[in-house]
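Here the structure is laid out as structure tokens; the discussion comes afterwards.
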Amino acid sequence: MKRYFLSLIMLACLSAVCVFSWEPSDLMDYPEGMEAGNFMLNFGAGLDVPEHSGPGYLYIPPIHASLDYNLALGDKRMPFFVGGTGGYSGYGYEDEWFYSKIYLGGRFGYHFNWGIRNLDTYAAATAGWIIYAGSGIAQNRKYGWPLIGVNIGARYFFSSVFGIWAEIGYSLSLIDAGLTFKF
């Protein structure tokens, strides 16, 4: 019990030091290496829960791309971005039926500046449309529904133009990762 209490006190002290060393103005700027007017092009794949699984089922995980544009908003030039996203996934059963899902949408987000070199963290909201197209027995139809999602993500740049990215949340899939290019 004594060790547990001591650990809590140490954690509280460490948290206090971190909070007091943080400047509120840090969240008003783009992360280092980012600036208003930059484009970020992301290519990647996602992990999701297939709608059907088992022997004979085929699943193509979400594959997608997004393009984000850094846009400073307001008098304080807050670090926002806008962009678009698109993707594809599919699932089916042997030769009997197959469904394709095409995702199209827009994104809006905010960059968080934690002062870590080459790291861009952000929160994003996505809105768009999912198009379903199916073939096979009794599923030869097309329909769609709204795409609504929120994600938190991070990009880490190995150079001034190339890096990796990952997002967690839900819009196109539960977890996304891939390559990013800044220009």
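Start counting the sequence shown at 63; every next residue gets the next number (our numbering).
Think of the CB as a built atom: it goes at the ideal place given N, C-alpha and C, for glycine as much as any other residue.
All figures in this text were calculated on a predicted structure; none of them were measured in a lab.
Reference residue i, options the options, closest by Cα
{"i": "ILE237", "options": "SER115, GLY99 and PRO123", "result": "PRO123"}
{"i": "ILE230", "options": "PRO112, SER222 and GLY240", "result": "GLY240"}
{"i": "ASP137", "options": "ASP91, ALA189 and ALA185", "result": "ASP91"}
{"i": "GLU113", "options": "LYS244, PHE243, SER235 and PHE245", "result": "SER235"}
{"i": "ILE193", "options": "ARG169, LYS163 and PHE174", "result": "LYS163"}
{"i": "TRP191", "options": "LEU209, TYR218 and VAL111", "result": "LEU209"}
{"i": "LEU166", "options": "ASP110, TYR131, LEU135 and ALA127", "result": "ALA127"}
For residue i, the three-state DSSP class (helix, strand or coil)
{"i": "MET72", "result": "helix"}
{"i": "ARG169", "result": "strand"}
{"i": "MET140", "result": "strand"}
Endpoints, the beta strand (DSSP E) within which residue i is located
{"i": "ASN213", "result": "204 to 219"}
{"i": "TRP227", "result": "224 to 232"}
{"i": "SER235", "result": "It is not in any beta strand (DSSP E) - SER235 carries neither H nor E in the DSSP assignment."}
{"i": "GLY190", "result": "181 to 198"}
Cutoff 8 Å: residue i Cβ touching any chain C Cβ
{"i": "VAL212", "result": "In the structure shown, chain C does not exist; there is a single protein chain."}
Checklist entry - Which ranges does the beta strand (DSSP E) cover as unbroken runs of at least 3 residues, wholly within the region 101 to 128, from first to last along the chain? => result List check, beta strand (DSSP E) in window: 101 to 109.
Checklist entry - For the 8 Å Cβ check, are there 3 or more pairs between the region 220 to 228 and the region 183 to 201? => result No, because fewer than three Cβ pairs between the region 220 to 228 and the region 183 to 201 fall closer than 8 Å, the two stretches do not touch.
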